[in-house]
Amino acid sequence: MYLKSGKPNDINQMLKEFDGFNLVVHNCLISANLEWGKLEEARQLFDEMPERNEVSWTAIISGLLRYGRVEEAIWYFERNPFPSLFSWTAAISGLVQNGLSVKAMKLFVEMLQSGVLPNNVTLTSVIRACGELSDFNLGMCVLGLIVKVGFEHDLSVSNSLITFNLRLNDTVSAMTIFNRMQSKDVVSWTAILDMYVQIGQLAEARRVFDEMPERNEVSWSTMISRYSQSGDAEEAVNLFIHMVQQGFKPNKSCFASVLSALASLEASVMGKIVHGHILKFGMERDAFIGSSLVDLYCKCGGTKDGRVAFDSILEKNVVCWNSMVGGYSLNNQLEEAKELFDKIPRKDNISWNSLITGYLEYEKFDEIFEVFSDMLLSGERPSKSTFSSVLCACASLASLERGKNLHGKAIKLGFHSDIFVDTALVDMYAKSGDVESSKKIFKRMPKRNEISWTAMIQGLAENGFAEEALAVFEEFEQTKSFAPNELLMLAVLFACSHCGLVDKGLYYFNSMEKVYHIQSNDRHYTCVVDMLSRSGRLSEAEKFILDMPCEPEVQAWAALLSGCKTYRNERMAERVAEKISELAEKNPGGYVLLSNVYASAGRWLDVLHMRKLMKEKGLKKSGGYSWIEVRNQPHFFYSQDGSHNESSEIYGLLELMRSEMVLK
DNA sequence: CTAGGGTTAG
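For the first sequence, full-length UniProt numbering begins at 1 and goes up steadily by one.
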């Protein structure tokens with residue numbers, strides 16, 4: 001009683017005052033110290049004992065294993081003069097818990113050879129090891145032994161067998177065992193609940209949960225984490241609230257799951273309340289909870305609070321570091337991200353990807369290639385998400401050479417038919433102007449999602465193959481595998497606009513809400529205005545833009561203005577220009593756009609006027625530019641001037657080529 | 001001495 005409720009120091013003090021030595025009291029003290037996490041004290045007590053029995057040995061072995069001190073535990077195990085069933089079991093289960101299932105199985109065989117028969121506890125650990133190894137045959141051997149020793153109707157053993165079958169995706173066997181069990185406990189029910197989630201039947205899992213005869217914090221935790229993992233964060237949080245209301249005390253796993261759900265909802269207020277509870281229980285130093293807290297605060301934009309949570313984690317694992325690096329990346333604190341990244345003691349794949357994703361989000365492309373080559377040098381194997389990020393950078397830079405190189409690496413690493421990598425490749429080749437390669441990859445993709453289709457349609461349209469883009473869209477509609485999304489429809493409208501299929505475009509635009517139930521946004525409207533303006537249906541375009549339910553983009557007016565210029569409608573041009581000037585007052589981009597629009601319309605005086613106006617207002621947005629890559633080196637061409645240092649040569653050559661073409 | 005639940009990127 002005293003040991004369970006008392007403070008370790010008081011009791012250790014008592015022991016010193018205790019006259020003489022009592023083996024039983026001493027053993028109790030060792031287990032108590034282990035319970036309190038006082039590993040060194042427990043070890044010292046053990047080492048100083050004048051005599052030890054099998055309980056002492058078992059306690060120290062299992063205690064060391066509980067804290068992951070495998071080698072020391074084995075050292076004691078090998079010197080144990082009383083190799084009883086208990087100490088064998090302690091060693092085997094400890095090894096399994098530390099992920100050393102092969103070692104555990106070897107020990108189990110040794111145990112059998114030494115003539116000791118397993119009990120139900122030993123068997124549960126051994127079955128778990130078979131499951132971790134996903135070894136069906138090994139599992140069947142153990143099952144034979146179970147039947148032989150007569151434990152096939154044991155509750156714990158049956159529970160373990162359910163999990164073993166689930167791990168091997170044999171839900172039928174798992175269900176059979178569950179149904180045949182005479183008595184079931186909360187573990188059995190929780191396992192079967194998880195089975196329904198595994199086969200994708202979350203609703204059925206919820207039914208099991210609601211009808212379970214008995215629930216504990218693990219059952220709650222399972223259900224909450226499953227909701228969170230399958231993207232239903234609201235339901236996860238709801239369930240958490242119910243759990244607390246019903247008087248269950250959430251444990252670490254549960255807090256970690258609910259924090260993750262709150263992070264995806266960016267619910268900072270609720271997050272702070274939960275954080276309060278965690279502080280009350282003193283669990284904020286835990287690695288699982290800590291990394292979830294870091295993630296929560298960073299997703300809500302508070303990297304400072306995130307950092308405080310990070311710094312208070314006692315034993316940081318790689319996930320903690322990754323969460324913090326990802327948090328900085330997310331909030332455009334890329335220097336902090338890199339600085340922290342460099343300090344990660346043992347980086348994993350996600351560490352690299354978190355940093356790369358940050359650079360991608362904020363368009364720091366050079367850094368991406370730098371980090372990527374560091375990654376390769378460090379020996380870390382890029383994953384499919386590494387490839388999709390780095391390929392995306394190549395696409396943004398239209399960097400064909402680098403893209404091809406990556407394509408080769410991806411094939412070598414066996415990512416050639418991964419949906420994410422393939423989509424990134426389709427996009428990269430299309431953006432770099434190599435439509436043929438883009439098409440080739442798209443055609444042989446075994447599976448496609450809406451992003452793959454969008455990349456292909458957009459890619460074709462942008463490279464001047466608008467009709468083909470529309471043909472691909474029609475092919476998409478025939479697959480009927482999923483409904484198009486707004487981005488896909490934007491690509492379709494873009495294609496219609498670029499091949500003059502105005503009525504078809506209008507048809508698609510009108511079917512967006514009616515057929516596909518997609519809310520059209522300002523970019524879709526701009527596309528339609530562009531479409532109408534290009535084909536000379538100017539008054540229709542103007543009416544369309546004025547009837548828009550949302551605020552039109554400046555680009556919509558610009559498209560109309562450009563149409564006015566092409567079809568020489570001076571009066572409308574005046575009206576539109578007026579409108580653009582109004583909008584341009586509001587944002588700096590507007591001025592640049594306006595000056596570019598005027599420039600292309602040939603009104604140089606107005607251009608000069610606009611640029612002057614911008615200068616006066618202190619607006620410093622650079623004009624548009626274009627670039628091309630030669631031998632991995634980008635060359636930039638700005639629209640205002642001949643800023644490229646070989647521009648006169650380039651333009652000269654261009655002129656020469658033009659005359660050649662005319663001569664032919 | 002045991003079975004069931006946990007955090008990060010895309």
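Ideal Cβ positions, reconstructed from N, Cα and C, are used throughout, including at glycine.
(1) Please report the residue range of the alpha helix (DSSP H) in which N521 lies.
(2) If I follow the unbroken alpha helix (DSSP H) through V149, where does it start and stop?
(3) Could you give the first and the last residue of the continuous alpha helix (DSSP H) run that contains A287?
(4) Closest to K431 by C-alpha separation, out of M489, L397 and G408, would be which residue?
(5) Short check: CB of I419 to CB of M445, under 9 Å?
(6) Tell me the residue span of the alpha helix (DSSP H) that contains N169.
(7) Out of G290, L360 and V308, point me to the one whose CA is closest to C394's CA.
(8) How about S257 and S230: are their beta carbons less than 9 Å apart?
(9) Return the CA-CA distance between E649 and G408, expressed in angstroms with no decimal places.
(10) Return the first residue and the last residue of the alpha helix (DSSP H) that N349 is part of.
(11) Considering only residues of the UniProt repeat "PPR" (449-483), which uninterrupted alpha helix (DSSP H) runs meet the minimum length of 4 residues and lie entirely inside it, listed in chain order?
(12) Count the other CB atoms, across all protein chains shown, that sit within 10 Å of the CB of W75; report buried if there are 16 or more and exposed otherwise.
(13) DSSP three-state label for A263, please.
(14) What does the alpha-carbon distance come out to for the pair L133 and V142?
(15) From C527 to Y328, what distance separates their C-alpha atoms?
(16) Buried or exposed: which applies to C550, given that a residue is buried once 16 or more other Cβ atoms fall within 10 Å of its Cβ?
(17) CB-CB under 8 Å to Q182, same chain, minus the five flanking residues each way: which ones, in chain order?
(18) At which residues does the alpha helix (DSSP H) containing S437 begin and terminate?
(19) By the DSSP assignment, the alpha helix (DSSP H) with G103 in it spans what residues?
(20) So G131 is in the alpha helix (DSSP H); what residue range does that whole segment cover?
(21) Would you tell me roughly how many angstroms separate the C-alpha atoms of W36 and H416, rounded to the nearest one?
(22) When the distance is taken between beta carbons, is N80 closer than 9 Å to I92?
(23) Cα separation between M105 and A129?
(24) Using CA atoms only, rank isn't needed, just tell me which of N405, W352 and C392 is closest to R381.
(25) Quick one: using the 10 Å Cβ neighbour count with 16 as the cut-off for buried, is E86 buried or exposed?
(26) Can at least three beta-carbon pairs, one atom from the stretch 532-546 and one from the stretch 508-519, be found at a separation below 8 Å?
(27) Identify the continuous alpha helix (DSSP H) that holds N238 and give its terminal residues.
(28) Check Y516 in the structure and name its three-state DSSP category.
(29) Classify H416 as helix, strand or coil using the three-state DSSP reduction.
(30) Answer yes or no: do R310 and S253 have a C-beta to C-beta separation smaller than 9 Å?
(31) Would you report the Cα separation of L561 and Y525, rounded to the nearest angstrom?
(32) Leaving out the 5 sequence neighbours to the left and right, which residues in its chain are closer than 6 Å to S452 when beta-carbon positions are compared?
Reading from the atomic positions:
(1) From DSSP, N521 is part of no alpha helix (DSSP H); its letter is neither H nor E.
(2) F136 to V149
(3) A287 to K299
(4) L397
(5) yes
(6) Bounds of any alpha helix (DSSP H) do not take in N169, whose DSSP letter is neither H nor E.
(7) L360
(8) no
(9) About 35 Å.
(10) N349 to E361
(11) If you keep only unbroken alpha helix (DSSP H) runs of at least 4 residues inside the UniProt repeat "PPR" (449-483), you get 450-462 and 466-479.
(12) Per the 10 Å Cβ criterion, exposed.
(13) helix
(14) Whole-angstrom Cα-Cα distance: 13 Å.
(15) So the two alpha carbons sit approximately 36 Å from each other.
(16) exposed
(17) H153
(18) Run containing S437: V435 to K443, per the alpha helix (DSSP H) assignment.
(19) For the sequence presented, residue 103 should be read as Lys rather than Gly. Counting along the chain, the alpha helix (DSSP H) containing K103 begins and ends at S101 to Q113.
(20) Counted as a single uninterrupted DSSP element, the alpha helix (DSSP H) harbouring G131 occupies residues N120 to E132.
(21) 51 Å
(22) Contact: no.
(23) Answer to the nearest angstrom: the Cα atoms are 7 Å apart.
(24) W352
(25) Reading the sequence as shown, one finds Phe at residue 86 and not Glu. Here F86 is buried, its C-beta having at least 16 other C-beta atoms within 10 Å.
(26) no
(27) Where N238 is concerned, the enclosing alpha helix (DSSP H) stretches over A233 to Q245.
(28) coil
(29) coil
(30) Checking the sequence shown, residue 310 turns out to be Phe, not Arg. Cβ atoms of F310 and S253: not closer than 9 Å.
(31) 15 Å
(32) T423
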